[in-house]
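Asker:
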Amino acid sequence: MDLVHVTFTTAAGATQRVPARVGESLMLAAQRAGLDGIAADCGGCLSCATCHVYLPDDWAARLHAPDADEDAMLELTAAERRPGSRLACQIPITAALDGLQAQLPDRQY
Ligand code: FES
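Take any residue in the sequence shown, note its place counting from 1, add 150, and you have its number in the numbering used here.
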C-alpha cells in the first residue's frame, strides 16, 4: 500500500480526511493536502514545534515513542502538551497508519 488516509480533527470539531504517502511524514501529508492548522514553519527539521498534533491513546501506542529531541521540542508547543502530543514531522507514514486519527490543537503559536 503506497497511499493511506488519515483524518485530522480541528479543535472546533471539523474533520478532514487526507491522503498520505507511505514514507512521507504526517506533517508533509497535511501540508500537501492544504490542511489548515499545521504551520510547520521549520519544514520538518524539528526546530519550530508548530506541527503539534494530539493522537488518541490507541494510535499513539502504535508509534515509536518521541525521541529526546522531539520530547524537548514538545515542551515548546503553543498549545498545552498532553499525553498524546506529537510533532507531525516526526511521524513517518506507514501502511499500518491507514485510518490514523489526529486532533489539531487550538493554536500553533
Ligand atoms: Fe517544525 Fe515539525 S515542522 S518541528
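Ideal Cβ placement from N, Cα and C applies to all residues, glycine included.
(1) Rounding to the nearest angstrom, what Cα-Cα distance links Ala218 and Pro206 in this structure?
(2) Between Ala183 and the ligand FES, is the CB less than 7 Å from at least one heavy atom?
(3) Mapping the DSSP letters down to three states, classify Arg182 as helix, strand or coil.
(4) Mapping the DSSP letters down to three states, classify Pro199 as helix, strand or coil.
(5) Please write down, chain order preserved, every residue whose beta carbon lies under 5 Å from a heavy atom of the ligand FES.
(6) Examine the Cβ distances between the region 211–228 and the region 154–163 and report whether three or more of them are shorter than 8 Å.
(7) Run the CB neighbour count on Thr165, radius 10 Å, all protein chains shown included, and call it buried at 16 or more, exposed below.
Answerer: Well, looking at it:
(1) Taking the sequence shown and counting its residues from 1, one reaches residue 218 at position 68. Taking the sequence shown and counting its residues from 1, one reaches residue 206 at position 56. Between Ala218 and Pro206, the C-alpha separation is close to 21 Å.
(2) Mapped onto the sequence shown, residue 183 falls at position 33. Ala183: no, Cβ never under 7 Å from the ligand FES.
(3) Along the sequence shown, one-based indexing puts residue 182 at 32. If DSSP states are grouped into helix, strand and coil, Arg182 belongs with the helices.
(4) Counting from 1 along the sequence shown, the entry for residue 199 is found at position 49. The question names Pro, but residue 199 is Ala in the sequence shown. Coil at Ala199, not helix or strand.
(5) Ala190, Cys192, Gly194, Leu196, Cys198, Cys201, Leu237 and Cys239
(6) no
(7) Position 15 of the sequence shown, counted from the first residue, corresponds to residue 165. Answer is exposed; the Cβ neighbour count stays below 16.
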